[in-house]
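What follows is a single structure, written as structure tokens, with notes after it.
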Amino acid sequence: MKSATFIFVLLFLVACKPRNKLNTNEQKLAAEIKTEEQEKKKAEKATEANSITIPDSLPPGFRFQEDRKIDPENPPEMIDIVGNLNNKKEIKLSDITKRVRYIRLAPPPDSIFYQTPLQIIFTQSNIIATSHFGTCIYSLTGEFIDLVGVTKFDSPNGIPPPPIPKNDPYFAKFNDAPEKIKSIRKKQYGFTSKEISGIYENNFSGDDIFFKYRDRDKEESYLMKYNVKNQSNSLPLPNNKETKDLVIFKGDKIVSLTDKSTFNYHILSKNSKIGYQRKWNSAQNGIMLLLENMQGDTLCIFKEYDRIKNYDATLVRSVESGSQYFYKNQFTYRSAFNDTVFRLIPPNRLLPAFLLNFGEHKLTALEAIHPNYDLANKFLINSWTETPDYIFIRYTKDRSTINSRVNKTVKYHYAVYDKKLKQTIHLPVDPLNYAYEIENNIDGGLPVWPELITQEGKIYKVFEGWELKKHVQSKEFLQLEISAEKKEFLTQLAEAASDAETIIMILE
Amino acid sequence: MLKYNLIILLRNLKKKPVYSTISVAGFTFGIVASLFIWFWVLDELSFEKFHPEHQQIYRVLTLSKQGDNIVKSASSYEAIASTLKMDYPQIEDATYISYSSEDSPLKVEGSTNKIESRRAWVDNQFFNVFQGFEFLEGTRKNALDNPNKIILSEKTAQKLFGSEPALGKTLISDKWSWDEVYTVGGVVRIPQQSHIDFGYLLSENGGKMPVKYSNNWHKSVHVHTYIKLQKNAEINENFKDLVSGHIGKYTNSTDKLLFQPIVDIHLHTDYETYQYDKNISNIKYIWIFSGLALLIILMASLNFASLSAARASKRATEIGVRKVSGSNKKSLVKQFIMESLAQTVFATIIALFIVGLFLPWFGNLTSKEFSFSFTPQLIPSLFIITLLVGIFAGIYPAFYLTSFNPVLIFKGGNPTGSKAGFTRGLVLVQFTIATVLIVSGITVYKQLQFIQNRDLGIDKKNIVVVPTGLWYSIKNFKQELLENPNIISVSASAQAPVDYGWQRGFWWDGIDKQDTLQANMLWVDEDFAKTYNLKMIKGDFLKFNYSDYWSESGKANKSKKEGKEYTFSIPVVVNQTFVKMMGVDNPIGMRLNNSNVIIGVVKDFNYRSLYNKIGPLVLQNSPEAIQTLNVKISPVNRAATLNFIRDTYKKHRNERGFSYSYFEDELEQVYKAETRLGSLIFIFGLVAVSIAVMGILGLSVFATERRVKEIGIRKVNGAKFSEIMALLNLDFIKWVTVAFFIAAPISFLLMNNWLQNFAYKTRLSWWVFALAGLLALGIALLTVSWQSWKAATRNPVEALRYE
């Protein structure tokens, strides 16, 4: 009997031995596809809605009337900040993502791009790397494709890049850059009078890149379109003055822009764009958003209700600039100091999507901008990042400036709104930790505070080779409980990268 | 002791030759059938196992939304192999194979002998993943190290070079309008147990039109991707989530990846494989035939048990003597099990001879190659089968016979009472099984007849199908064929409408582009309706102006190169189901995908096998897709007409070899698996019924022997012949009838389930069950009546002589 029991147990154990099988759940994946397709459909409908056309029969001066009503079937979600000040929960990167992937940007063809850290923008098909000195196009895997614009400095008396402030914990990491990078960046550089003064973000254009070309001498600006596949080069530029320098601009002129306009734009569709401006301007002229066709005809004005009249100060305080981004192809907008986040449904609908509750800590535009108002007890949004599952909000109590940070009078708070659970939490972070980022327990790489998202809503972080090198040599990294394989991967990545190389970490 | 037991066994066998023969024959039949099934099942389960580390190899499947459905397929994204390997350390290797058509030509340099074979492109990892493809010439390491190298399958090498070595020889392929020159880098053997099949392989960088898929995110049905996991790869939920969503990482697609172990491809493929996978079967057949083997063995064992129990009274005295002489129960049990085992061993030996003799025939029947040898798998399997059958068959009689009371035996009474219940139970079980098998056999036959006789909505008779390869200028050939009065019609198409599963999404004004209707697509010319006798419901069949087509097509290609859009409308005909799914009354004039315009509606016809319901279909003329010629010929002078077609073909297309088939034969090929299933069920059903017959024969012999004196007395007292027959037959008839009522619902459930595989199926008519019941009863009656007749016609004096 004993032996029979033994055999039975043995057979059971053999049968229960974990099998190293790659078996995926078909039903679960099918359900995921259906959900994603529905989301995609919604996003595509939003794109279609963005693509409005103006009937020929519209009378001159016709404008759509704005509609800011709440949709009773999809009322705005409340993000209760004050009500959850004590609802604290620690999160790590594995709580919000499954893996991280790295893209190494190939070196740009001109070392000028190393002067300042690159600003990285993801389009549907490309990565755009841009700086004060020009704009490069990369593939989504980091291969260099083309230069769209380079403004090589031509004047030794030009304006140098702003110095990196010392003793500011917010910028502290830049002081750690290797000497060779610091020395490059200390050089006195200036700019030509021609520049790409802004990349217009959009969610529809595929291989098309829209940007604003500006000639400061002539006070001319154009809305330009550059197709990565065609690599068009039709911009008629009188660049004889700069022939000794490398001045390149590529693209097709779509329309002239008013150079003195206070508006910045996001492109909604092939025939429409949405303009927004700084709070000071909108509070003055009463226009929060301006929907225009590509020729600049106004289609709809969305009014600014937080107006400033009879302003009596000589200074205007720069505090925050609101939020403007595409979420699933819908232009999403939060006016600075405002507690409502809108989604735009062209031509004239602003749909409230989120309401922020700052309670008594809320500010009006006047209080924020007027230097006489005390902001010590007020909340100001410092960064707002929406992904399909979460909204990451970093806000400050008091105004965040170099002085307030150095003197440690400003407090930083980190909140996360879980869209599925409809719940707001605060992270248990020291309010004087101005550079807090979520610990990367996935591969032990650099920590992340979500501030940048791709068109698909994936969070990404941009850093340079020397930052990764420093990280993998740190004591914290060596002591991390991460598999040796992952550590080895990161170490190799750091070794392979040059100090100034741009690396993008994408959370997937 | 063993010696005495053997002597007793031999004496008993000799004393009762009928019983002995029935027992041993039953065992032999059972073991033969089981061994055949064992060989077949083992072969079915051995697919892909010739690849070392096959447990780590998976095929990458794609799950995607098509219309309203989520569809699984082997179609793959071209960049998946390279990116999977790059992104996941758990994946040791990844590769793909990109199939081309099977009419890709190849010839030896300087020779006119041209063959056609399936071409495929692979990347350099292919032979690292699939190491089971044995290199008969060349080596795996250097196989495709040069873009001009070509790897031949053994069959292709034989066709080109016979028994001569092929390595290093120069081959030329003129599939396109230029010659591609290759050097043979190896010859590989593709085992029968492989789902991958090809004529020759090229490097992904090879030829003038290399595939170079490493960075191409387009899904293709021609591309199949495979991965090989690291041996001890950490497969956790996180990895599974990531790897399933791999496509979303590189594209905007919502498609997900699934991973099918390659060993599961043969028996567990539940998705469309188009024409690329070879030897796809179904696990249900393993269950069916394994069950059948078990039933046959069970029947043979029950025969032995029932006959032994029936003979109990005959051996009662022997048991009594042995018990009185001091034999204990244990030794008696051992003796009976030994007897059973000895007979099983004997039956196994005979069975081995029979299997050895008939294995080639069985291989032919099942289209497999079996070789009989005492392999390390066969010997233990044989040992286990023999041992289990021997013990199973001997265990009941052993305990039954040894439970006799010796006192009762010597007093002359019935030592254990009547065991008729047991023997009746056995008749019941055996005839239940036999009836189920008879119903199954008749149903499979009926379904095959249904398939063959069903009106497919097309004329399938006298149509000759000629594969032509891609042929843009087929017009002159068609015209010349039609000059022959025995040729009624000629139509060019991409393929004959046998089992064509190619699908494409269609949208039209008024529907969301994402809700495209997935429809099958047939490329045919304007004479297709006439050749296959299709009925038009509305509008016209495909009218076509070829010069316009080529002109517009040229403009479109030019615009495409310039990055501009240029669309032109091509007329299409849709079937009734398509119109129904569109939900419109009159689709004539409606545009599909902005590039087609509907000009006619054709009556629904079966363009796929009857496993599939008639789905939405779009017929379009595309001169760039012609690969087949469908020739409707007169039934008279067929040989001469075929010769004429061949000669004309050679005149117009001498660069290609000529081959043909009849459309009806091609249809039959589709149901080959079912035909084979029918044959196997028939054969094994026959074996099962034979064993049942032997069982009932043995029992009837015993019953009549036991009642010989009773019959004698009844006859002396005036009983009629019919009364004696009824007396002896009635008991068996009763139990066979009960068996029928048990078998009927079981077989109904089984066959109903099997018929669910077909979209179009025969009815499970009452008469099938009635016929099966009558057959079972008839067989039982014939068997029993033979013995009853012998008993009833026997002279009663002989029976009562000693009373």
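Chain order of the listed sequences is A and B.
Just so you know, we're using the numbering used here here: the first sequence kicks off at 1 and counts up by one.
Just so you know, we're using the numbering used here here: the second sequence kicks off at 1001 and counts up by one.
Ideal placement from N, C-alpha and C gives every residue a C-beta, glycine not left out.
The model shown is predicted, which means the values in this text are computed figures rather than measured ones.
Does DSSP classify residue i as helix, strand or coil?
{"i": "residue 79(A)", "result": "strand"}
{"i": "residue 373(A)", "result": "coil"}
{"i": "residue 1226(B)", "result": "strand"}
{"i": "residue 314(A)", "result": "coil"}
{"i": "residue 1630(B)", "result": "strand"}
{"i": "residue 1296(B)", "result": "helix"}
{"i": "residue 1546(B)", "result": "helix"}
{"i": "residue 198(A)", "result": "strand"}
Quick one: is residue i near chain A, going by C-beta distance under 7 Å?
{"i": "residue 1381(B)", "result": "no"}
{"i": "residue 1283(B)", "result": "no"}
{"i": "residue 1070(B)", "result": "yes"}
{"i": "residue 1251(B)", "result": "no"}
{"i": "residue 1235(B)", "result": "yes"}
{"i": "residue 1506(B)", "result": "no"}
{"i": "residue 969(B)", "result": "This structure cannot speak to residue 969(B), because chain B is shown only from 1001 to 1803."}
{"i": "residue 1213(B)", "result": "At residue 1213(B), the pLDDT of 45 sits below 50, so the modelled position is not reliable; the number obtained from the coordinates is stated separately. False, the Cβ-Cβ gap to chain A never drops below 7 Å."}
{"i": "residue 1786(B)", "result": "no"}
{"i": "residue 1065(B)", "result": "yes"}
{"i": "residue 1049(B)", "result": "no"}
{"i": "residue 1130(B)", "result": "no"}
{"i": "residue 1238(B)", "result": "yes"}
{"i": "residue 1258(B)", "result": "yes"}
{"i": "residue 1244(B)", "result": "yes"}
{"i": "residue 1058(B)", "result": "yes"}
What number of angstroms, rounded off, separates the C-alpha of residue i from the C-alpha of residue j?
{"i": "residue 1394(B)", "j": "residue 1305(B)", "result": "6 Å"}
{"i": "residue 37(A)", "j": "residue 1288(B)", "result": "40 Å"}
{"i": "residue 1663(B)", "j": "residue 1672(B)", "result": "15 Å"}
{"i": "residue 1475(B)", "j": "residue 1196(B)", "result": "36 Å"}
{"i": "residue 1321(B)", "j": "residue 1704(B)", "result": "26 Å"}
{"i": "residue 1769(B)", "j": "residue 1738(B)", "result": "13 Å"}
{"i": "residue 1540(B)", "j": "residue 1460(B)", "result": "22 Å"}
{"i": "residue 1302(B)", "j": "residue 1766(B)", "result": "30 Å"}
{"i": "residue 471(A)", "j": "residue 222(A)", "result": "43 Å"}
{"i": "residue 179(A)", "j": "residue 478(A)", "result": "25 Å"}
{"i": "residue 495(A)", "j": "residue 368(A)", "result": "46 Å"}
{"i": "residue 1683(B)", "j": "residue 1441(B)", "result": "9 Å"}
{"i": "residue 1021(B)", "j": "residue 1118(B)", "result": "55 Å"}
Distance cutoff 7 Å, beta carbons only. Does residue i sit that close to anything in chain B?
{"i": "residue 486(A)", "result": "no"}
{"i": "residue 490(A)", "result": "no"}
{"i": "residue 92(A)", "result": "no"}
{"i": "residue 353(A)", "result": "no"}
{"i": "residue 481(A)", "result": "no"}
{"i": "residue 29(A)", "result": "yes"}
Given a cut-off of 7 Å on the beta-carbon distance, is the pair residue i and residue j in contact?
{"i": "residue 1182(B)", "j": "residue 1205(B)", "result": "no"}
{"i": "residue 1534(B)", "j": "residue 1602(B)", "result": "yes"}
Determine the burial state of residue i: buried for a count of at least 16 other Cβ atoms within 10 Å of its Cβ, exposed for fewer.
{"i": "residue 464(A)", "result": "buried"}
{"i": "residue 305(A)", "result": "exposed"}
{"i": "residue 1550(B)", "result": "exposed"}
{"i": "residue 1083(B)", "result": "buried"}
{"i": "residue 1038(B)", "result": "buried"}
{"i": "residue 238(A)", "result": "Note that residue 238(A) has pLDDT 39, beneath the 50 cutoff, so the model's placement of it is unreliable and no number is given."}
{"i": "residue 497(A)", "result": "buried"}
Below 6 Å, is the gap between the Cβ of residue i and the nearest heavy atom of the ligand GDP?
{"i": "residue 167(A)", "result": "Questions concerning the ligand GDP fall outside what the structure shown contains, since it holds no ligand whatsoever."}
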